[in-house]
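Okay, so the sequence shown: first residue is 122 according to the working numbering, each after it adds one.
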Amino acid sequence: MALAAETKRIVAQFEYSDADVNIGVKEFLRQIDEGLEKSGTSMSQIPTYVTAVPNGTEKGLYLAVDLGGTNLRVCSVRLNGDNSFNLTYSKAAVPKSLMVAKTAKELFQFIAQHIDSFIKEHHYDHYEHHVRRRETMSNPEGYRDEHIFRLGFTFSFPVQQVGINKGFLIRWTKGFDIPDAIGKDVCALLQEEIDILHLPVKVAALVNDTVGTLMARSYTSPGKTGALLGAIFGTGTNGAYIEKLSNIKKPLEGEYDTSTGEMVLNTEWGSFDNQLNVLPNTTFDIKLDSESVNPGIQMFEKRVSGMFLGEILRIVLVSLLQDKSVQLFHDDNSSHNDWKSTTTIAPESGIFKKWGLDSAIMSVAALDNTPDLGTLRQELDSQLDVYSPSMEDAQAFKAIASAIGRRAARLSAVAVGAIVLQSGKLTDPAQGDEPIDIGVDGSLVEHYPHFRTMIYDALKAIDGIGEVGAERIRIGIAKDGSGVGAALIALVAASMEKKQPTAEESLKQVRSEALLQNSGRQLSAVNEVPEQTTPNNEEAIDA
Ligand code: BGC
122 MALAAETKRI VAQFEYSDAD VNIGVKEFLR QIDEGLEKSG TSMSQIPTYV TAVPNGTEKG
182 LYLAVDLGGT NLRVCSVRLN GDNSFNLTYS KAAVPKSLMV AKTAKELFQF IAQHIDSFIK
242 EHHYDHYEHH VRRRETMSNP EGYRDEHIFR LGFTFSFPVQ QVGINKGFLI RWTKGFDIPD
302 AIGKDVCALL QEEIDILHLP VKVAALVNDT VGTLMARSYT SPGKTGALLG AIFGTGTNGA
362 YIEKLSNIKK PLEGEYDTST GEMVLNTEWG SFDNQLNVLP NTTFDIKLDS ESVNPGIQMF
422 EKRVSGMFLG EILRIVLVSL LQDKSVQLFH DDNSSHNDWK STTTIAPESG IFKKWGLDSA
482 IMSVAALDNT PDLGTLRQEL DSQLDVYSPS MEDAQAFKAI ASAIGRRAAR LSAVAVGAIV
542 LQSGKLTDPA QGDEPIDIGV DGSLVEHYPH FRTMIYDALK AIDGIGEVGA ERIRIGIAKD
602 GSGVGAALIA LVAASMEKKQ PTAEESLKQV RSEALLQNSG RQLSAVNEVP EQTTPNNEEA
662 IDA
């Protein structure tokens with residue numbers, strides 16, 4: 122009984138009502154504006170210098186590297202020009218020691234080594250071709266313009282971007298902490314390590330995963346208008362959307378194309394409302410934040426993203442376990458347990474370890490609607506060393522986990538809804554009947570049961586959206602945004618290079634083409650810069 126009552130009390134603390142959603146949206150819109158006015162605000166609203174989204178006709182072969190959380194992904198992407206693509210990829214876990222390495226060099230060296238092995242394994246011909254060409258160059262500097270692979274670098278941390286392939290790290294998130302890297306240009310750090318290995322790769326574009334998601338969604342979903350927003354609900358959370366240039370009041374330092382009148386902004390909404398004007402703040406949220414590597418920062422993310430939801434739940438469970446009157450994971454004797462056993466929790470259970478509760482079990486809890494919650498109870502046993510959990514234990518776990526997941530989804534709706542309202546698309550005649558398209562990616566939105574449905578439910582409650590507006594919003598999964606999207610931005614970057622060659626670059630181009638002709642070789646298919654800059658492609662991206 123005590124457990125049921127306590128569970129109810131805790132669940133109520135995670136309620137996030139329709140009224141709360143509306144208050145959240147209002148404040149979100151206010152902080153969007155603040156970020157458009159000046160730098161250094163809690164929601165950074167970072168200009169990306171990407172001024173258009175693709176339409177699916179783009180072509181070419183690009184490399185992409187994705188560093189954004191627990192894994193490093195290296196991939197090559199062939200854009201087929203018909204809304205489709207082919208992707209080859211390799212994945213490696215980022216060792217914990219590198220996430221908190223002493224120097225940035227250690228981490229970037231690791232990335233370069235993985236690019237090296239990827240190229241040798243999947244594109245050996247091109248690698249070998251490059252080596253042969255380099256050997257024939259008389260000028261030691263000559264091979265520099267033979268960076269035959271353009272690479273889109275998806276680096277999913279807050280970066281002050283000052284150009285399409287230049288950006289300075291503002292802060293680490295998601296458990297990374299390498300102070301030495303703060304303030305440095307992450308593209309230069311990567312290029313340096315790539316050059317040390319003499320790889321034929323140019324870091325052509327710096328991409329946040331949300332920007333990649335937005336690009337990938339626009340490439341793959343046919344429609345008259347491109348996607349409005351790319352959002353990640355995974356280990357971390359963030360969104361990038363298209364803003365009118367005229368609304369961006371703060372100075373834009375880098376070069377960009379003004380013809381579309383728009384630019385993609387990386388909101389870094391993980392830091393929405395760091396000042397806690399409106400975000401819910403339970404004792405459990407407070408504890409999580411105070412024990413994190415970045416207290417007071419990423420306050421929205423700490424209530425929404427997969428990395429933190431399991432930890433919030435764990436903190437709640439520990440507090441319940443500390444209260445002996447509640448009797449979580451404890452029976453007086455076997456007659457109280459419908460499995461005719463007594464519940465025990467092993468001292469080595471993940472519940473007693475910081476980050477020891479993987480959010481994935483929350484999905485199991487949400488999905489298990491069997492009368493005796495058998496699946497969840499087995500999972501509690503196998504994942505968290507809770508032996509013979511009782512029905513009441515499982516009910517409490519499910520109720521609390523679901524309340525945390527539901528609050529996360531409704532908070533996510535605050536961000537999505539605010540961006541939709543900010544765009545004005547619901548009332549824009551130019552939008553016509555076209556849906557307002559949103560591409561999403563990340564483990565939470567993909568695997569947490571009904572996450573999108575819960576977002577829609579909250580969207581319907583937002584003033585200015587309502588049932589009718591919510592129906593016009595199309596939220597679809599955009600897989601591999603960080604690969605395909607990065608490739609697409611590398612393509613934009615390559616076309617920009619192509620458009621405005623400096624005198625020195627033009628000379629190098631002439632020289633390398635002459636060398637190619639002399640050696641009687643054809644341009645290999647991988648030398649994609651000429652292939653993708655057909656007039657159509659340029660129009661598609663730049664117009
Ligand atoms: C980072 C963002 C990123 C998001 C999703 C956040 O922690 O600050 O840059 O887009 O995670 O990966």
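Built from N, CA and C at the ideal position, the CB exists for glycine as well.
- Per the coordinates, the alpha-carbon of Asp306 lies some 15 Å from the alpha-carbon of Lys323.
- The closest CA to that of Gly161, considering only Leu494, Ala467 and Phe393, is found on Phe393.
- Taking 3 residues as the shortest admissible run, the segment 285-315 contains the following complete beta strand (DSSP E) segments, listed from N- to C-terminal end: 287-290.
- Classified as buried, Tyr340 has 16 or more neighbouring CB atoms from the shown chains inside 10 Å of its CB.
- The closest heavy atom of ligand 1 lies less than 7 Å from the beta carbon of Ile353.
- At least one heavy atom of ligand 1 is found less than 7 Å from the C-beta of Gly190.
- Taken from the Cβ of Asp330, at least one heavy atom of ligand 1 lies inside 7 Å.
- Taking Asp479 as reference, the option from Leu497, Ala530 and Gln504 with the minimal CA-CA separation is Gln504.
- Sequence-distant partners of Ser484 (beyond 5 residues in either direction) whose C-beta falls short of 7 Å from its own C-beta, in its chain, are His568, Tyr569 and Pro570.
- Within the segment 561-607, the beta strand (DSSP E) runs of at least 3 residues that lie entirely inside it are, in chain order, 594-598.
- For Asp237, the enclosing alpha helix (DSSP H) starts and ends at Ala225 to His243.
- As DSSP reads the structure, Met384 sits in a beta bridge with Glu364.
- Partner residues in the beta bridge of Ile167, as assigned by DSSP, are Asn387.
- Note that the segment 312-321 does not touch the segment 582-601; fewer than 3 beta-carbon pairs, one per stretch, sit closer than 8 Å.
- For Phe270, the uninterrupted beta strand (DSSP E) segment begins and ends at Phe270 to Phe276.
- Taking C-alpha positions only, Ala524 is separated from Leu366 by approximately 39 Å.
- Ser165 and Gly156 have their C-alpha atoms spaced approximately 6 Å apart.
- Sequence-distant partners of Arg498 (beyond 5 residues in either direction) whose C-beta falls short of 6 Å from its own C-beta, in its chain, are Pro510 and Ala515.
- Judged by DSSP secondary structure, Tyr340 falls within the alpha helix (DSSP H) whose first and last residues are Asp330 to Thr341.
- Scanning the segment 411-475 for uninterrupted beta strand (DSSP E) segments of 3 residues or longer gives nothing; none is fully contained.
- The segment 403-422 and the segment 444-452 do not touch, with fewer than three beta-carbon pairs separated by less than 8 Å.
- Annotation: the continuous alpha helix (DSSP H) that includes Gly156 extends over Asp139 to Glu158.
- In chain order, Leu349, Val541, Ser544, Lys546, Leu547, Arg593, Ile594 and Arg595 place their CB closer than 8 Å to the CB of Ile557, counting only its own chain and leaving out the 5 sequence neighbours on each side.
- Remark: three or more beta-carbon pairs, one from each stretch, lie closer than 8 Å, so the segment 200-213 and the segment 597-612 are flagged as touching.
- At least one heavy atom of ligand 1 lies closer than 7 Å to the C-beta of Lys295.
- Distance from Thr334 to Ala173 at the Cβ level is roughly 16 Å; contact not present, criterion being Cβ atoms closer than 8 Å.
- Around the Cβ of Asn192, a 10 Å sphere holds fewer than 16 other Cβ atoms; the residue is exposed.
- Assigned with DSSP and collapsed to three states, Phe393 falls in coil, not helix or strand.
- Boundaries of the alpha helix (DSSP H) around Ala133: Ala123 to Gln134.
- Rounded to whole angstroms, the separation of the alpha carbons of Gly181 and Gly145 is 42 Å.
- When rounded, the separation of the alpha-carbon atoms in Leu532 and Gly417 is 18 Å.
- Assignment of beta-bridge partners to Gln281 by DSSP yields Phe289.
- The three-state secondary structure of Thr346, taken from DSSP, is coil.
- Spanning the alpha carbons of Ala611 and Leu272 requires a straight line of approximately 6 Å.
- Using a cutoff of 7 Å, the CB of Pro168 does not count as near ligand 1, since none of the ligand's heavy atoms is closer than that.
- In the three-state scheme derived from DSSP, where H, G and I count as helix and E and B as strand, Thr548 is classed as helix.
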